[in-house]
Amino acid sequence: MSFSVNRQRSLWWGLSLVVILSGLVAMVLSWASLGSPLRLGLDFIGGTRLQFELACSATQTCSQPIDIDAVRQVLNQQGLGNSSLQIIDQYGVSIRTVPLDVDQRTRLRDTLTQKIGDFDPQKTQIETVGPTLGEEILRSGLLALLVSFIGITIYLTLRFQFDYACFALVALVHDVLLTTGVFAILGLVAGVEIDSLFIVALLTIIGFSVNDTVVIYDRVRETLKLNPDLGIKEVVDQAVVQTLGRSINTTLTTLLPLMTIFIFGGDTLRYFALALIIGFTTGAYSSIFIASTLLAWWRDRQPPRPATNTLETTPTP
Amino acid sequence: MGKYRGWLIAILVLLMAATWVIVRTPARLGLDLRGGAQLTLQVQTTDKVPQITPQVLAAVQGVVQRRIDGLGVAEAVVQTAGDDKLLVQLPGVTDPQQAERILKGTAQLLFAAQKPGTEAQLQIERQLQAQLLLEQAQLLAEQAENANNPEALKEIEAKLEKNRESLEKSQQAIAGLFTPSDLTGAMLREAFASPVAPGSPNWSVIVRFDNQGAELFAQLTKEIAGTGRSLGIFLDDRLISAPTVAVEYAETGIVGGSAEISGGFNAQSANDLAIQLQGGALPVPLEVVENRTVGASLGQDSIRDSLYAGLAGLVLVLIFMVAYYRLPGLIADLALILYAIFTYAAFLLFGVTLTLPGIAGFILSIGMAVDANVLIFERTREELRAGKTLYRAVESGFDRAFASILDSNVTTLIACAALFALGTGFVRGFAVTLAIGIGISMFTALTCSRTFLFYAISIPSLRKPNWFCPKLESFR
Numbered sequence: 001m002s003f004s005v006n007r008q009r010s011l012w013w014g015l016s017l018v019v020i021l022s023g024l025v026a027m028v029l030s031w032a033s034l035g036s037p038l039r040l041g042l043d044f045i046g047g048t049r050l051q052f053e054l055a056c057s058a059t060q061t062c063s064q065p066i067d068i069d070a071v072r073q074v075l076n077q078q079g080l081g082n083s084s085l086q087i088i089d090q091y092g093v094s095i096r097t098v099p100l101d102v103d104q105r106t107r108l109r110d111t112l113t114q115k116i117g118d119f120d121p122q123k124t125q126i127e128t129v130g131p132t133l134g135e136e137i138l139r140s141g142l143l144a145l146l147v148s149f150i151g152i153t154i155y156l157t158l159r160f161q162f163d164y165a166c167f168a169l170v171a172l173v174h175d176v177l178l179t180t181g182v183f184a185i186l187g188l189v190a191g192v193e194i195d196s197l198f199i200v201a202l203l204t205i206i207g208f209s210v211n212d213t214v215v216i217y218d219r220v221r222e223t224l225k226l227n228p229d230l231g232i233k234e235v236v237d238q239a240v241v242q243t244l245g246r247s248i249n250t251t252l253t254t255l256l257p258l259m260t261i262f263i264f265g266g267d268t269l270r271y272f273a274l275a276l277i278i279g280f281t282t283g284a285y286s287s288i289f290i291a292s293t294l295l296a297w298w299r300d301r302q303p304p305r306p307a308t309n310t311l312e313t314t315p316t317p
Numbered sequence: 001m002g003k004y005r006g007w008l009i010a011i012l013v014l015l016m017a018a019t020w021v022i023v024r025t026p027a028r029l030g031l032d033l034r035g036g037a038q039l040t041l042q043v044q045t046t047d048k049v050p051q052i053t054p055q056v057l058a059a060v061q062g063v064v065q066r067r068i069d070g071l072g073v074a075e076a077v078v079q080t081a082g083d084d085k086l087l088v089q090l091p092g093v094t095d096p097q098q099a100e101r102i103l104k105g106t107a108q109l110l111f112a113a114q115k116p117g118t119e120a121q122l123q124i125e126r127q128l129q130a131q132l133l134l135e136q137a138q139l140l141a142e143q144a145e146n147a148n149n150p151e152a153l154k155e156i157e158a159k160l161e162k163n164r165e166s167l168e169k170s171q172q173a174i175a176g177l178f179t180p181s182d183l184t185g186a187m188l189r190e191a192f193a194s195p196v197a198p199g200s201p202n203w204s205v206i207v208r209f210d211n212q213g214a215e216l217f218a219q220l221t222k223e224i225a226g227t228g229r230s231l232g233i234f235l236d237d238r239l240i241s242a243p244t245v246a247v248e249y250a251e252t253g254i255v256g257g258s259a260e261i262s263g264g265f266n267a268q269s270a271n272d273l274a275i276q277l278q279g280g281a282l283p284v285p286l287e288v289v290e291n292r293t294v295g296a297s298l299g300q301d302s303i304r305d306s307l308y309a310g311l312a313g314l315v316l317v318l319i320f321m322v323a324y325y326r327l328p329g330l331i332a333d334l335a336l337i338l339y340a341i342f343t344y345a346a347f348l349l350f351g352v353t354l355t356l357p358g359i360a361g362f363i364l365s366i367g368m369a370v371d372a373n374v375l376i377f378e379r380t381r382e383e384l385r386a387g388k389t390l391y392r393a394v395e396s397g398f399d400r401a402f403a404s405i406l407d408s409n410v411t412t413l414i415a416c417a418a419l420f421a422l423g424t425g426f427v428r429g430f431a432v433t434l435a436i437g438i439g440i441s442m443f444t445a446l447t448c449s450r451t452f453l454f455y456a457i458s459i460p461s462l463r464k465p466n467w468f469c470p471k472l473e474s475f476r
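Just so you know, the sequences run in chain order A and B.
All residue numbers in the first sequence are consecutive under UniProt numbering, ending with 317.
All residue numbers in the second sequence are consecutive under UniProt numbering, ending with 476.
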């Protein structure tokens with residue numbers, strides 16, 4: 001056996017720890033500066049986002065690009081001085097403010113139209129999320145995360161054993177922490193915000209990461225049954241090597257569409273795809289290098305059992 | 001290989017059915033793709049209504065639904081969401097200001113006495129209004145039918161706009177024939193449907209007022225009793241009922257604070273009116289807690305981008321599978337294409353609304369659907385290297401991979417279930433599309449690939465182990 005995950009397990013564990021810790025540091029920093037571990041988007045904290053594009057941009061008859069100072073001036077006049085704003089492709093503008101009601105919004109749009117020009121209603125995007133609703137989305141999202149943790153642990157305990165389930169859970173938490181950590185860093189350095197799609201991404205990552213772990217565990221169980229005398233480290237090493245081709249290929253086939261979405265897809269899905277790319281990659285990593293090595297380490301420390309657990313169906317004749 | 005021929009035919013039939021579904025069923029695009037406004041309204045409690053019960057919510061839903069019908073938006077959707085929220089979808093509405101204003105206020109129930117000498121005029125105006133409403137219903141149906149025909153749509157929309165203006169005018173004309181009273185919905189205690197006589201198919205609506213309302217009602221009915229003039233019941237400035245008061249009430253008016261509104265109701269329409277009245281009587285304010293409006297062309301841009309991205313991703317996966325797994329890879333590709341067709345057909349069949357995250361889930365599931373085949377083929381290769389015959393290797397590839405495939409899919413389904421149970425709106429949409437994708441991928445990977453693969457190895461010229469596992473000799 002040329003490749004052994006267990007031989008260098010302290011290296012893998014250390015590597016994961018370093019990345020997760022730096023993510024945690026980013027979360028603490030972000031907590032200190034933003035008041036939350038990640039930069040929360042409109043979906044969670046509430047507010048209004050308006051996106052306008054000049055009506056002339058389609059026919060390319062605009063005489064001059066939108067002047068950001070003029071927009072800023074309008075915002076200041078209406079007491080929305082601390083809003084963030086961004087010019088998109090010269091002729092579009094995106095404004096993010098505190099939650100505005102219909103009248104405030106209409107007033108803002110009308111004033112902007114007067115100062116800057118007519119906007120194309122076909123390209124207008126308005127989002128208002130009340131603060132209470134945001135809290136609800138966040139709470140139900142975190143609850144969904146917790147419930148699926150519990151559900152998966154129960155299922156794996158039934159199909160395998162409790163310690164298998166625990167380490168699969170460790171791998172899951174690893175993936176979730178790592179992905180959120182990377183987004184905490186991105187939030188600090190690049191201003192990337194998370195929205196409700198981020199929670200969806202985390203849950204998809206959970207499902208996928210457990211896939212990988214289950215396939216390896218399945219192999220461990222099978223190898224253990226065929227070679228009851230083999231040490232657990234060797235069994236795990238063998239199982240990992242035998243499933244390595246599959247792990248790499250599956251991760252690849254899943255990453256390919258995600259990469260295309262990340263590169264060619266619209267703005268809405270870009271960071272969703274990025275979260276999945278990070279999560280799926282670490283999911284494959286944690287299954288191979290964390291969940292399996294932890295299992296070997298744990299079982300190695302246990303007093304030898306009289307017989308291994310047999311729960312598997314008989315192999316084909 | 002008779003049994004595989006049977007499966008092949010079954011798969012072919014399924015494919016034809018799926019194609020038929022795809023050709024016949026128009027896709028239901030979410031508002032983020034077709035453009036439109038989505039509002040989430042939260043029903044607020046007040047001193048009078050300290051708790052939002054399902055009845056209150058249903059009443060408010062009725063009022064909101066009726067108001068939207070007044071806006072003349074085709075395919076508008078009003079759903080309850082959670083215990084105290086309503087989700088309103090208005091496709092094609094790019095100016096949510098108007099919608100928001102109309103939806104937010106409390107339904108106003110108003111009683112009014114008809115002005116003397118306007119009997120004939122009222123009849124004419126009511127007939128005109130009935131005609132206009134009929135026309136509106138027809139136009140809305142046409143609009144829904146011609147959803148894919150932009151030219152016809154423009155024409156219909158112009159007609160709808162005209163219709164709306166005429167309706168507005170006719171409503172104002174009708175309102176002008178009445179003198180509003182001080183009796184309003186705030187004084188209504190309850191309204192419910194009741195059969196005119198026990199077991200009768202004719203229904204009426206009973207309304208009961210509080211003390212002040214009862215007094216005003218008596219005054220109002222006394223004024224018009226026996227004159228042939230009617231009592232106008234207006235909801236949001238629109239006349240919904242105009243009963244007359246019999247002459248025997250001319251002395252005192254209808255006392256006791258209770259009245260029966262009758263006239264051509266069946267159980268359903270009587271109940272509808274009761275809910276409307278009740279709703280109009282409910283002084284519960286609505287708050288818009290969420291408002292998302294996407295311009296139509298923005299949605300089209302994102303469809304195109306995501307579609308291209310999805311196709312590019314799919315092509316890359318197909319190429320990879322053939323390059324790496326050879327003949328089985330080609331067969332997996334076939335199964336994958338079937339998977340995409342079946343899944344899309346299933347979305348249409350179940351009426352899944354395609355949203356941007358939904359499409360992402362679909363594309364993602366294409367990548368994940370390969371996993372089952374990869375597991376099987378890796379196993380097949382191992383068995384071949386261990387010296388098994390081709391047939392045995394393929395067979396045990398499927399058998400041995402099954403437990404892994406099942407376990408890994410069930411865990412993903414658990415995450416889907418959590419998303420569905422606890423999420424809202426598009427989060428749920430994503431969960432449903434992912435779950436459908438997983439179910440169908442199990443079918444195509446286990447049944448379609450299996451059938452094709454065994455059919456392939458039943459053909460002697462395809463029975464080449466090297467096409468299943470390159471460089472097999474070096475392992476033996």
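From the three backbone atoms N, C-alpha and C, an ideal C-beta is built for every residue, glycine too.
The structure displayed is predicted, hence computed values, not measured ones.
Could you tell me which of A:V93, A:C56, A:Q104 and A:F149 sits nearest to Q78 (chain A), measuring between CA atoms?
Stepping through the first sequence from its first residue, residue 78 (chain A) is reached at position 78. Here the closest residue by C-alpha is A:Q104.
By the 8 Å beta-carbon criterion, what residues does the region 301-324 of chain B contribute toward chain A?
D301, S302, D305, S306, Y308, A309, G310, A312, G313, L314, L316, V317, F320, M321 and Y324
Which of the three DSSP states is assigned to S196 (chain A) in this structure?
Locating residue 196 (chain A) in the first sequence gives position 196, counting from the first residue. Of the three classes helix, strand and coil, the one that applies to S196 (chain A) here is helix, per DSSP.
Whole-angstrom distance between V207 (chain B) and E135 (chain B), CA atom to CA atom
Reading the second sequence from its first residue, position 135 is the one you call residue 135 (chain B). Reading the second sequence from its first residue, position 207 is the one you call residue 207 (chain B). Between E135 (chain B) and V207 (chain B), the alpha-carbon positions lie close to 31 Å from each other.
Using a Cβ cut-off of 8 Å (strictly closer), state whether A144 (chain A) contacts chain B.
To locate residue 144 (chain A), count along the first sequence from 1; it is residue 144. Yes, contact with chain B.
Under 8 Å, do S292 (chain A) and V240 (chain A) count as touching if we go by C-beta distance?
The sequence position of residue 292 (chain A) within the first sequence is 292, counting from 1. The sequence position of residue 240 (chain A) within the first sequence is 240, counting from 1. It is a contact, given that the beta carbons lie within the stated cut-off.
Is K85 (chain B) helix, strand or coil by DSSP?
Indexing the second sequence from 1 puts residue 85 (chain B) at position 85. Reduced to three states, the DSSP call for K85 (chain B) is strand.
Touch test, the region 291-299 of chain B against the region 34-53 of chain B, Cβ-Cβ under 8 Å, three pairs minimum:
yes
Flag I288 (chain A) as yes if its beta-carbon sits less than 8 Å from any beta-carbon of chain B, otherwise no.
For the purposes of this step, residue 288 (chain A) is taken as the residue at position 288 of the first sequence. It does not; no Cβ of chain B falls within 8 Å.
Measuring only between beta-carbons, confirm whether S241 (chain B) sits less than 8 Å from chain A.
What you label residue 241 (chain B) is simply residue 241 of the second sequence in a count that begins at 1. No, because no Cβ of chain A sits closer than 8 Å to the Cβ of S241 (chain B).
L40 (chain A): buried (16+ other C-beta within 10 angstroms of its C-beta) or exposed?
Residue mapping note: residue 40 (chain A) aligns to position 40 of the first sequence, counting from 1. Buried, since its Cβ has 16 or more Cβ neighbours within 10 Å.
Determine the chain B residues that contact Q78 (chain A) at a beta-carbon separation under 7 Å, and present them in chain order.
Numbered from its first residue, the first sequence carries residue 78 (chain A) at position 78. Going along chain B, no residue has its Cβ under 7 Å from Q78 (chain A), so there is no contact; the nearest lies around 16 Å.
Using beta carbons (cut-off 8 Å, strictly below), is F264 (chain A) in contact with chain B?
In the first sequence, the residue the question calls residue 264 (chain A) occupies position 264. Yes, contact with chain B.
Cross-strand partners of W203 (chain B) (DSSP beta bridge)
Position 203 of the second sequence holds residue 203 (chain B). According to DSSP, which records beta bridges pairwise, W203 (chain B) is partnered with B:P195 and B:F265.
At the 8 Å Cβ level, is T281 (chain A) part of the contact set with chain B, yes or no?
Within the first sequence, numbered from 1, the residue matching residue 281 (chain A) stands at position 281. No - not a single Cβ of chain B is within 8 Å of the one on T281 (chain A).
Beta carbon of L235 (chain B), beta carbon of L109 (chain B): below 8 Å?
Indexing the second sequence from 1 puts residue 235 (chain B) at position 235. Indexing the second sequence from 1 puts residue 109 (chain B) at position 109. Using a Cβ distance threshold of 8 Å, L235 (chain B) and L109 (chain B) count as a contacting pair.
Just to confirm, are T343 (chain B) and F320 (chain B) a CB contact at a threshold of 8 Å?
Counting from one through the second sequence, the residue named residue 343 (chain B) turns up at place 343. Counting from one through the second sequence, the residue named residue 320 (chain B) turns up at place 320. Contact flag unset, no.
Would you list the one or two residues that DSSP bridges to S94 (chain A)?
Reading the first sequence from its first residue, position 94 is the one you call residue 94 (chain A). The partner list for S94 (chain A) (beta bridge, DSSP) reads A:Q51 and A:Q86.
DSSP beta-bridge partners for Q79 (chain B)?
Your numbering for residue 79 (chain B) matches position 79 in the second sequence. Under DSSP, Q79 (chain B) shares a beta bridge with B:L87.
List, in order along the chain, the chain B residues whose C-beta lies closer than 7 Å to that of V5 (chain A)?
The residue given as residue 5 (chain A) occupies position 5 in the first sequence. Within chain B, no residue comes near V5 (chain A); the closest Cβ sits about 18 Å away, beyond 7 Å.
Please report the residue range of the beta strand (DSSP E) in which F234 (chain B) lies.
Here residue 234 (chain B) refers to the residue found at position 234 of the second sequence. Where F234 (chain B) is concerned, the enclosing beta strand (DSSP E) stretches over L231 to L235.
Nearest-angstrom beta carbon gap, A372 (chain B) and S441 (chain B) [assumed within contact, 8 Å]
In the second sequence, the residue the question calls residue 441 (chain B) occupies position 441. In the second sequence, the residue the question calls residue 372 (chain B) occupies position 372. Confirmed, Cβ separation roughly 6 Å.
Residue environment, L145 (chain A), which counts as buried when at least 16 other CB atoms sit within 10 Å
For this step, residue 145 (chain A) is matched to residue 145 along the first sequence. The residue is buried, with at least 16 neighbouring Cβ atoms inside 10 Å.
Counting contacts by CB-CB distance shorter than 8 Å, is S449 (chain B) in contact with chain A?
Locating residue 449 (chain B) in the second sequence gives position 449, where the first residue counts as 1. With 8 Å as the cut-off, S449 (chain B) does not count as an interface residue toward chain A.
Select from A:L38, A:L177 and A:T179 the residue whose C-alpha is nearest the C-alpha of L138 (chain A).
Here residue 138 (chain A) refers to the residue found at position 138 of the first sequence. Of A:L38, A:L177 and A:T179, the residue nearest in Cα terms is A:L38.
What are the residues of the region 214-241 of chain A that lie near chain B, defined by any Cβ-Cβ distance shorter than 7 Å?
V214, V215 and D218
Could you check where the beta strand (DSSP E) with G36 (chain B) kicks off and where it finishes?
Reading the second sequence from its first residue, position 36 is the one you call residue 36 (chain B). G36 to V43 is the extent of the beta strand (DSSP E) around G36 (chain B).
Using 8 Å as the threshold, is the C-beta distance between I233 (chain B) and F111 (chain B) below it?
If you number the second sequence from 1, residue 233 (chain B) lands on position 233. If you number the second sequence from 1, residue 111 (chain B) lands on position 111. In contact: I233 (chain B) and F111 (chain B) (Cβ atoms closer than 8 Å).
Indicate whether L216 (chain B) and K115 (chain B) have their beta-carbon atoms separated by less than 8 Å.
Position 216 of the second sequence holds residue 216 (chain B). Position 115 of the second sequence holds residue 115 (chain B). Not closer than 8 Å, so no.
For S306 (chain B) and G265 (chain A), believed in contact at Cβ under 8 Å, the rounded distance
Within the first sequence, the letter at position 265 stands for residue 265 (chain A). Within the second sequence, the letter at position 306 stands for residue 306 (chain B). That belief holds up - the Cβ atoms of G265 (chain A) and S306 (chain B) are roughly 5 Å apart, short of 8 Å.
Hey, does N291 (chain B) have any beta-carbon neighbour from chain A nearer than 8 Å?
Here the question's residue 291 (chain B) lines up with position 291 in the second sequence. N291 (chain B) counts as touching chain A.
Alpha carbons only, please: which of B:V410, B:S170 and B:L375 is nearest the one belonging to L239 (chain B)?
As a first step, residue 239 (chain B) is located in the second sequence; it is residue number 239 there, counting from the start. Nearest to L239 (chain B) by C-alpha distance, out of B:V410, B:S170 and B:L375, is B:S170.
Would you tell me roughly how many angstroms separate the C-alpha atoms of P26 (chain B) and E142 (chain B), rounded to the nearest one?
Taking the first residue of the second sequence as 1, we reach residue 26 (chain B) at position 26. Taking the first residue of the second sequence as 1, we reach residue 142 (chain B) at position 142. Going from the Cα of P26 (chain B) to the Cα of E142 (chain B) covers about 15 Å.
Residues that A111 (chain B) bridges to, as DSSP identifies them:
Walking along the second sequence from the start, residue 111 (chain B) turns up at place 111. The sequence shown places Phe at residue 111 (chain B), rather than the Ala named in the question. Answer by DSSP bridge pairing, in chain order: B:I233.
Just how far apart, CA to CA, sit V196 (chain B) and E161 (chain B)?
Within the second sequence, residue 196 (chain B) is the residue found at index 196, counting from 1. Within the second sequence, residue 161 (chain B) is the residue found at index 161, counting from 1. Going from the Cα of V196 (chain B) to the Cα of E161 (chain B) covers about 39 Å.
R28 (chain B) and residue 478 (chain B) - do their beta-carbons sit closer together than 8 Å?
This structure gives no information on residue 478 (chain B), because the portion of chain B shown stretches from 1 to 476.
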